[in-house]
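Heads up, the thing below is written out as structure tokens.
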Amino acid sequence: MIWALTLVSAALATGCASGTILRHLPRSSGAPDYGALATPGFATLTALIGAVAGVLVGWQAAHPALWLALVVPGALQVCIDARTTWLPLRLSQPMWLASAVMIPMVWAVDAGAGLRALVGAVLTSVGFWLVWRLGGIGFGDVRLMGPVGAAAASESWQFLTAALMVGTALGACHGIMYRLAGNRGVFPYGPSLWAGPFVALLWP
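In UniProt numbering, the protein residues as written are 1 to 204.
Shown next as structure tokens:
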């Protein structure tokens with residue numbers, strides 16, 4: 001319950017601060033104007049998605065600390081991706097930092113979960129880096145997968161497998177619908193990959 005309240009509070013605070021964050025995000029070459037997303041509707045959506053994710057984690061996850069990076073600022077990341085197809089590096093960095101801090105903390109109380117989290121982060125990052133090299137995804141998705149792998153693997157190897165399968169399936173369904181709707185070009189894959197572990201938490 002404490003972790004659920006903590007994560008939900010952090011998610012709501014991030015949603016409230018999203019306008020300021022968006023207006024101050026640095027833009028690399030070709031990046032969209034993140035400040036244009038700074039609307040009450042976007043802030044509400046970000047806060048709601050993060051809060052729901054926080055409740056799920058607090059209710060179901062064995063090691064909620066390792067999910068912090070996905071709930072905050074991960075929810076903001078994927079909301080930006082859904083609107084722009086970009087995952088800003090400046091938001092990926094705190095996600096990695098949160099995972100790097102939490103892995104040793106979890107390791108201290110559950111060595112098995114801590115080791116799985118570390119190995120899971122490395123394996124998913126390397127695996128999706130190889131997919132990126134083949135031209136299948138953007139590099140922002142590669143950066144996202146470290147925290148995803150750490151959180152999911154901390155539960156179990158079976159859970160990591162399920163989370164990746166669900167995320168990939170969601171991405172495939174989204175891609176098909178995106179094309180059937182007549183859209184061309186890239187589509188946001190990050191939200192599906194991010195949602196995979198949360199959907200897997202709903203499984204018994």
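Here a beta-carbon is modelled for each residue, glycine too, at the ideal position from N, C-alpha and C.
Between the CA atoms of residue j and residue i - distance to the nearest angstrom
i    : j    : result
F187 : L118 : 29 Å
I21  : A150 : 25 Å
L160 : F198 : 11 Å
G182 : A100 : 41 Å
G35  : S18  : 10 Å
W203 : P88  : 31 Å
M145 : I103 : 15 Å
I80  : A113 : 31 Å
A195 : R90  : 21 Å
R27  : M95  : 18 Å
Beta-carbon proximity check, residue i vs residue j, cutoff 7 Å
i    : j    : result
V147 : W86  : As written in the sequence, residue 147 is Pro, which differs from the Val given in the question. Contact flag unset, no.
V106 : L70  : no
V166 : A121 : no
P64  : V57  : yes
A47  : G15  : yes
P191 : V78  : yes
R143 : S92  : yes
A152 : R116 : no
A43  : E155 : no
A51  : L12  : yes
Cβ of residue i within 7 Å of any chain C Cβ
i    : result
V199 : No chain C appears in the structure shown, which is made up of a single protein chain.
Closest Cα partner of residue i within the set the options
i    : options                  : result
Y189 : I137, A150, P104 and I49 : I137
G30  : C79, S154, L130 and T84  : T84
V72  : V142, A62, F198 and A10  : A10
L68  : L7, R133, T161 and G185  : L7
A98  : L193, G19, G74 and L123  : G74
L164 : G127, R133, G19 and G175 : G127
L76  : G171, R27, A38 and M1    : A38
Buried or exposed (CB count within 10 angstroms, at least 16 for buried), residue i
i    : result
G135 : exposed
M177 : exposed
Q158 : exposed
I49  : buried
W59  : exposed
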